[in-house]
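Peer 1: Here it is, the structure, as structure tokens.
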Amino acid sequence: MENPFRPTAGATPPDLIGRGGVLDEFAYGLRIGSGAHGLEK
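Start counting at 1 in the sequence shown, then tack on 1218, and there's your number in the working numbering.
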């Protein structure tokens, strides 16, 4: 029997259909940085 698993660690998925909003929110989070914004130290 042939092994059904393929070594694809680190490979980019072919499509991220329906993930545009999630990716946009992630990119926004990276731009604004970490922490709870609006709270003063």
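The C-beta atom is built at its ideal place from N, Cα and C for all residues, glycine as well.
1) Have a look at isoleucine 1250 and asparagine 1221 and give me their C-alpha separation to the nearest angstrom.
2) Alanine 1229 CB to nearest chain B CB: under 9 Å?
3) In terms of residues, what are the limits of the alpha helix (DSSP H) holding glycine 1247?
4) Below 8 Å on the Cβ atoms is my contact criterion, and I expect leucine 1248 with leucine 1241 to pass it. Report the Cβ-Cβ distance as a whole number of Å.
Peer 2: The answer reads as follows:
1) Spanning the alpha carbons of isoleucine 1250 and asparagine 1221 requires a straight line of approximately 44 Å.
2) You won't find chain B in this structure, because it holds only one protein chain.
3) Residues 1238-1250.
4) No, leucine 1248 and leucine 1241 are not in contact; Cβ-Cβ is about 11 Å, not under 8 Å.
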